[in-house]
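K.L.:
Residue numbers (this note's numbering): 237 to 515.
#1: For the candidate residues 282, 312 and 322, whose alpha-carbon lies nearest to that of residue 477?
#2: What's the call for residue 258, buried or exposed, on a 16-neighbour Cβ count within 10 Å?
#3: Please say whether residue 324 and residue 480 have beta carbons closer to each other than 8 Å?
#4: Which first and last residues belong to the alpha helix (DSSP H) in which residue 519 is found?
#5: Determine the extent of the alpha helix (DSSP H) in which residue 475 is found, giving its start and end residues.
#6: Taking the alpha carbon of residue 240 as the reference point, which residue from 388, 378 and 462 has its own alpha carbon closest?
#7: Going by alpha carbons, who is nearest to residue 425 out of 381, 444, 403 and 414?
#8: Please report the straight-line C-alpha distance between residue 418 and residue 409, rounded to a whole angstrom.
#9: At a cut of 8 Å, does the region 482-490 reach the region 380-396 through at least three beta carbon pairs?
#10: Short check: CB of residue 343 to CB of residue 473, under 8 Å?
#11: Roughly how many angstroms separate the alpha carbons of residue 327 and residue 318, rounded to a whole number?
#12: Given that a residue counts as buried once 16 or more other Cβ atoms are within 10 Å of its Cβ, and exposed if not, what is residue 283?
#13: Counting Cβ pairs, one atom from each stretch, are 3 or more of them under 8 Å apart for the region 449-464 and the region 346-365?
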């Protein structure tokens with residue numbers, strides 16, 4: 237997603253709110269358009285499994301079946317999955333528990349449907365309709381928070397992507413026999429963070445950033461060929477990690493802005509009561 241688009245949409249939203257009655261038609265149009273687009277995405281999801289199955293079959297059939305490659309890849313995959321699991325099942329639940337003092341895994345369980353969609357499509361953007369439904373309907377979070385934070389976090393919330401890119405680059409550096417100095421380690425961390433922010437929420441986008449970082453380290457792109465064989469599964473796992481981070485961002489933002497939302501609701505109620513009294 238484009239951050240510029242989100243900023244422009246925010247300005248339109250503030251201007252619409254400032255114009256009150258005159259901006260109501262403008263607001264109603266985009267509200268209706270939102271529901272139409274979400275329904276189209278839900279239809280698209282039904283056709284996704286066929287395409288995903290075709291991609292998986294092609295990837296598995298074209299991968300080289302050698303013991304040496306699978307031994308290196310096995311350690312790499314185990315490291316990446318461990319990192320995703322620690323973030324998704326330790327860090328995210330811990331932050332949620334600190335905020336609400338309740339069982340965080342119940343909250344994660346409410347995200348099962350968007351998680352399955354994210355795993356099938358490897359995109360948090362396609363799972364956005366179900367993510368909004370889980371946060372708004374099941375967890376009862378305010379729509380004013382969810383509909384702003386979820387698209388924004390989908391643009392810049394890349395914890396899983398950053399972790400995946402950094403682990404992949406370190407794996408290739410060690411695979412080619414290059415000495416992993418402290419300077420190279422810091423460079424990989426910085427470039428991984430920056431490239432993750434620019435990574436679009438689509439399938440296979442992380443590989444492009446990995447090749448760019450390897451080029452900056454004077455490593456030929458061919459050295460990353462091993463990553464292609466199992467990128468499809470790790471790409472889906474990092475997308476799920478991103479999804480949990482997006483949901484956590486909504487929870488934290490809602491908790492921090494709860495008092496402001498209550499004051500806004502009270503002001504709206506008073507305006508309605510004053511209007512009724514005047515009538």
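For glycine and all other residues, C-beta sits at the position ideal for the given N, C-alpha and C.
P.N.:
The relevant details are as follows:
#1: 322
#2: It counts as exposed.
#3: yes
#4: For residue 519 there is no data in the structure shown, the boundaries of the chain being 237 and 515.
#5: 461-492
#6: 388
#7: 403
#8: 13 Å
#9: Cβ pair count under 8 Å is three or more, so yes.
#10: In this structure, residue 473 does not lie closer than 8 Å to residue 343 by Cβ.
#11: The alpha-carbon of residue 327 is positioned some 13 Å away from that of residue 318.
#12: exposed
#13: no
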